[in-house]
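Have a look at the structure below before the remarks.
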Amino acid sequence: MAAASSSDSDCGRAESAQLFPSSPSNEASSKWLDAHYDPVANIHTFSSCLALADLHGDGEYKLVVGDLGPGGQHPRLKVLKGPTVLTESPLPALPAAAATFLMEQHEPRTPALALASGPCVYVYKNLRPYFKFSLPQLPPNPLEQDLWNQAKEDRIDPLTLKEMLEGIREKAEVPLSVQSLRFLQLELSEMEAFVSQHKSKSIKRQTVITTMTTLKKNLADEDAVSCLVLGTENKELLVLDPEAFIILAKMSLPSVPVFLDVSGQFDVEFRLAAACRNGNIYILRRDAKRPKYCIELSAQPVGLVRVHKVLVVGSTQDSLHGFTHKGKKLWTVQMPAAILTMNLLEQHSRGLQAVMAGLANGEVRIYRDKTLLNVIRTPDAVTSLCFGRYGREDNTLIMTTRGGGLIIKILKRTAVFVEGGGEAGPPPAQALKLNVPRKTRLYVDQTLREREAGTAMHRTFQTDLYLLRLRTARAYVQALESSLNPVSVTAREPLKLHAVVQGLGPTFKLTLHLQNTSAARPILGLLVCFLYNEVLYALPRAFFKVPLLVPGLSYPLETFVESLSDKGISDIIKVLVLREGQSAPLLSAHINMPVSEGLAAA
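Read left to right, the sequence shown gives residues 325 to 926 (this note's numbering).
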């Protein structure tokens, strides 16, 4: 069986080699096989306009390209089989996005192709036109409608019509219709003919599709039926039914969406992330008409990819950012050049999901979270990326370049992406092991004790903590009630008193810091008085006047206290601040005098 499997594998690889003629390259050290490179393939597109699907149900996966054409002229829908173009058809407007999805459960289960272009979604089955969905028209600006009605009745000339339409365009919240915008671009000589031709037509205001993706309807299986999710220029998200193509849900956004990413199922629960032109990413959930979360970026987004549960966003500041679905930033990686395009790399055989970023310096970098896995260098800057099954190869990378080239690479079956597989990421010092000492017997015993009696230890700690808080609160209340604290503040006068005792005894230095806390009013005529036990202490001056107190300054008042007791006892000295001619003190403080160490030793 093993030999047969190996033979089949070699035959498949040989078949792919015939499908993609290889170009000479140093493939020995690379994880990729160079299958095809055509620098003049004339394909100009973005990652959102690329899709891989088995369009005919024959097991042969083909590449669908919404081609913008050279210089944005002559857009076309191209389907490639291998390196050659299988079919090609013109498009009425520039494509915005391409997606493949299953519309129904009936056999044969061939996917349909949806291409968003202008205000329409063109649906193809078996590469034949199947359905055309057009966005509902928007109500026109009433002022604009009134002007064209006047022009229809010849009550206004073309020049006045142009001036008034320009005023509406600058001030009105509702944008003008395409007819009015085309009229404002005309020369003065062409206006009269344009008005005569279009004045009888009704004003229509049509929005356009800016982005598109698919959302599973009720099952998470790979071959389950999917709905189309559209982002429009009028700041709305629409979810379409896959069979009837009616609008199942409509959600509003603060800005125009440019990138979409969805997860979940429409009938069960889903989460939708929309990167908008205002530099924010909005997260919406099922049955939500407005965004639930908002991620504010410091620069404009250039790509949005979901890797597992992490939203990876590329910005114009040449950096990748990882966010959770609730907006928490996880990491940031700086790029060596500007990011041109992004897409998801998913290798089902190894369960790997990573983000691919095409840079302006001709590199394609592959990251898993913030770890660099691989770097691919290309002859030209890559503008679109697509990874998946192509032909009969499961892991094929398709790239288009800025000059219109096409590059196809196949991932080797033996390739394994490991951290640091590209260039040096973290510094070498980060990989060095720390010199951690060996665990002692005491540490092991303490660990076992904490593991077995963790709940009881936590309860004991909480009890002690509450007791400490209670004792601290009681001591604080007692100090306030008995005025034993050396800091005192009065409510009648803007005064603050702070006392400091210095020295070991028997002589102490007592310093009073008196401060006027008012904003602009000085205080004059204050007296300081000391009340103490004359048997224990002696002061040179027990009563003195206070100078003028300027607001905001702290005045130190110094005196000396001599301890007279030789029994090693201490007492309280009470400080009173009074106003001249009044007996009631304005401020008081009790000072706990320390024991005189000199007399106690004697």
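Using N, Cα and C, we set each Cβ at its ideal position, and we do this for glycine too.
*Pairwise C-alpha distance: Phe-370 and Gly-383*: As the crow flies, the alpha-carbon of Gly-383 is around 26 Å from that of Phe-370.
*With 16 other CB atoms within 10 Å as the buried threshold, where does Gly-395 fall?*
Exposed, because fewer than 16 other Cβ atoms sit within 10 Å of the Cβ of Gly-395.
*asked:* Suppose you measure from the CA of His-837 to the CA of Ala-844; what does that come to, to the nearest Å?
replied: A direct Cα-Cα distance of roughly 19 Å separates His-837 from Ala-844.
*Is the number of C-beta pairs between the region 905-912 and the region 856-865 that are closer than 8 Å three or more?*
Touching, no, given that fewer than three Cβ pairs across the two stretches are closer than 8 Å.
*asked:* Extract the residue ranges of the beta strand (DSSP E) inside the region 555-620, only unbroken runs of 3 or more that lie entirely within it.
replied: As far as the region 555-620 is concerned, its whole beta strand (DSSP E) runs of at least 3 residues are 560-564, 571-576, 581-589, 593-600, 604-609 and 617-620.
_Cα-Cα separation, Gln-503 to Leu-471_ = Their Cα atoms are separated by approximately 12 Å.
*If you draw a straight line from the C-alpha of Val-582 to the C-alpha of Glu-490, how long is it?*
Roughly 28 Å between the two C-alpha positions.
*Which whole-angstrom value describes the C-beta separation of Ser-550 and Phe-425, a residue pair presumed to lie in contact below a C-beta threshold of 8 Å?*
Yes, Ser-550 and Phe-425 are in contact; Cβ-Cβ is about 4 Å, under 8 Å.
_Using DSSP's beta-bridge definition, name the partner residues of Tyr-879._
According to DSSP, Tyr-879 bridges with Leu-838.
*asked:* Using only the alpha-carbon positions, how far apart do Ser-354 and Arg-506 sit?
replied: Cα-Cα distance, rounded: 53 Å.
*Counting only beta-carbon atoms, is Phe-590 nearer than 9 Å to chain C?*
Going by chain labels, chain C is absent from the structure shown, which holds only one protein chain.
*the ligand MG heavy atoms versus the CB of Tyr-454: any closer than 8 Å?*
Of the ligands one can find in the structure shown there are none, so the ligand MG has no counterpart to examine.
*Mind checking Arg-674: buried by the 16 CB within 10 Å criterion, or exposed?*
Exposed, since its Cβ has fewer than 16 Cβ neighbours within 10 Å.
*So, is Tyr-790 buried or exposed, given that buried needs 16 or more other C-beta atoms within 10 angstroms?*
A residue is called buried once 16 or more other Cβ atoms fall within 10 Å of its Cβ, and Tyr-790, having fewer, is exposed.
*Rounded C-alpha distance that separates Lys-757 from Thr-764*: Answer to the nearest angstrom: the Cα atoms are 20 Å apart.
*If you drop the 5 nearest sequence neighbours on each side, which residues of the same chain put their C-beta closer than 6 Å to that of Ala-417?*
Ser-441 and Gly-442.
*For His-914, which of helix, strand or coil comes out of DSSP?*
DSSP, read as helix, strand or coil, puts His-914 in strand.
*asked:* Checking the sheet assignment: what are the DSSP bridge partners for Leu-848?
replied: Beta-bridge partners assigned by DSSP to Leu-848: none are found.
*By the 10 Å Cβ neighbour count, where 16 or more other Cβ atoms means buried, how is Arg-529 classified, buried or exposed?*
It counts as buried.
*Residues in its own chain within less than 6 Å of Ser-413 by CB, not counting five upstream and five downstream?*
Once the five neighbours on either side are set aside, the close Cβ partners of Ser-413 are Leu-401.
_I need the DSSP call for Asn-542, collapsed to helix, strand or coil._
Residue state, collapsed to three classes: coil.
_Secondary structure of Gln-643, DSSP reduced to three states_ = Position check: residue 643 holds Ser in this sequence, whereas Gln was assumed. Ser-643 carries a strand assignment under DSSP once its states are collapsed to helix, strand and coil.
*Reduced DSSP category for Met-488 - H, G, I as helix; E, B as strand; rest coil*: In the structure shown, Met-488 falls within a helical segment according to DSSP collapsed to helix, strand and coil.
*Leaving out five residues on either side along the sequence, give the residues of the same chain with a beta carbon under 6 Å from the beta carbon of Ala-662.*
Once the five neighbours on either side are set aside, the close Cβ partners of Ala-662 are Asp-642 and Ala-684.
*Cα-Cα, which of His-782, Tyr-879 and Gln-397 is closest to Val-824?*
The shortest Cα separation from Val-824 among His-782, Tyr-879 and Gln-397 belongs to Tyr-879.
*With distances taken Cα to Cα, identify the nearest neighbour of Ile-619 among Arg-610, Ser-639 and Ala-612.*
For the residues Arg-610, Ser-639 and Ala-612, the minimum Cα distance to Ile-619 belongs to Ser-639.
_Neighbourhood of Leu-930 by C-beta, 7 Å cutoff - its chain only, sequence neighbours within 5 removed_ = The displayed coordinates of the chain run from 325 to 926. Any statement about residue 930 would go beyond what the structure contains.
*Grab the span of the beta strand (DSSP E) containing Asn-667 for me, first residue to last.*
Looking at the DSSP string, the run of the beta strand (DSSP E) that includes Asn-667 is 663-671.
*Do you know how far the Cα of Ala-681 is from the Cα of Leu-721?*
Rounded to whole angstroms, the separation of the alpha carbons of Ala-681 and Leu-721 is 13 Å.
_Between which residues of its own chain and Glu-428 is the CB-CB distance below 8 Å, once the five residues before and five after are set aside?_
Here the set comprises Val-549, Pro-566 and Glu-567.
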